[in-house]
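Structure first, commentary second.
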Amino acid sequence: MRALVVYESMFGNTQKIAEAIADGLAANMTVDVVEVGSAGTSLDGVDLLVVGGPTHAFSMSRESTRKSATEHGSGTVVSKAGGIREWIADLHAGSTPFATFDTKADKPHLPGSAAHAARRHLRHRGLRPFAAATSFYVTDMEGPLADGEEERARRWGEQLGLAAT
Ligand SMILES: Cc1cc2nc3c(=O)[nH]c(=O)nc-3n(C[C@H](O)[C@H](O)[C@H](O)COP(=O)(O)O)c2cc1C
448 MRALVVYESM FGNTQKIAEA IADGLAANMT VDVVEVGSAG TSLDGVDLLV VGGPTHAFSM
508 SRESTRKSAT EHGSGTVVSK AGGIREWIAD LHAGSTPFAT FDTKADKPHL PGSAAHAARR
568 HLRHRGLRPF AAATSFYVTD MEGPLADGEE ERARRWGEQL GLAAT
């Protein structure tokens, strides 16, 4: 069984979560973890797709929010060539099972989530939801991740892999 983890990340936090999820999945599945700019659009041979990105303006990023992140961040960004919104739109979609995740600010009352938006878009493309959309938290715009989030991501990946096999 093969899982594909596709992530978008500006400041590296979602990348860390994606790698932790992949680590957890690897207990039960073969896993590839790919930055969205390098991900192909075919899902041939993929038994479980896991997609995640940073929450920007209550949803998945757009070109304008990525530009803003690039301009306001203190270094170079990880995802320089498009985000998961565009990747999902281009996907050669089938009925592959999927799960989505995001990173977002650790503020309980702030609405909106890239993971929920990605879930809606993937369902719309015909893919099959396999797990609830899940958020992982950062303590500030550029991070770091809140305490324990990488371990929580690893466990989430492990549970997904167990359920898929
Ligand atoms: C332009 C922009 C808009 C953002 N909007 C939101 C938002 O609506 N809700 C939220 O919780 N976090 C928001 N954030 C914080 C991001 O979620 C945070 O930067 C991200 O989780 C960091 O992940 P990354 O290092 O992988 O980019 C925003 C960040 C940027 C740069």
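So the sequence shown is residues 448 to 612, counted in this note's numbering.
All C-beta atoms, glycine included, are put in the ideal place defined by N, C-alpha and C.
Please read all numbers here as calculations on a predicted model, not as lab measurements.
Three-state secondary structure (DSSP) at residue i?
i      : result
Thr586 : coil
Asp553 : coil
Thr581 : strand
Ala635 : In the structure as shown, the chain starts at 448 and stops at 612, and residue 635 therefore has no counterpart that could be examined.
Ala546 : strand
In whole angstroms, what separates the C-alpha of residue i from that of residue j?
i      : j      : result
Met507 : Arg566 : 10 angstroms
Thr581 : Asp549 : 7 angstroms
Ala562 : Thr477 : 23 angstroms
Phe458 : Gly520 : 8 angstroms
Gly492 : Thr502 : 29 angstroms
Leu557 : Ala564 : 15 angstroms
Val639 : Lys514 : Residue 639 is absent from the model: the chain starts at 448 and stops at 612.
Ala536 : Thr586 : 30 angstroms
Mind checking which residues open and close the alpha helix (DSSP H) that includes residue i?
i      : result
Leu495 : That residue, Leu495, is in no alpha helix (DSSP H); its beta strand (DSSP E) goes Leu495 to Pro501.
Arg509 : Looking at the DSSP string, Arg509 is not in any alpha helix (DSSP H), and its letter there is neither H nor E.
In the DSSP assignment, find the beta strand (DSSP E) that holds residue i and state where it starts and stops.
i      : result
Leu607 : Careful: Leu607 lies outside any beta strand (DSSP E), inside the alpha helix (DSSP H) at Glu596 to Ala611.
Asp479 : Thr477 to Glu482
Leu538 : Careful: Leu538 lies outside any beta strand (DSSP E) and carries neither H nor E.
On the premise that residue j lies in contact with residue i, defined as a C-beta separation below 8 angstroms, what is that separation, rounded to the nearest angstrom?
i      : j      : result
Ala610 : Arg572 : In fact, because the Cβ distance is near 22 angstroms, the residues do not count as touching under 8 angstroms.
If you measure from the beta carbon of residue i to each beta carbon in chain D, is any gap under 8 angstroms?
i      : result
Phe458 : The structure shown contains no chain D; it is built from a single protein chain.
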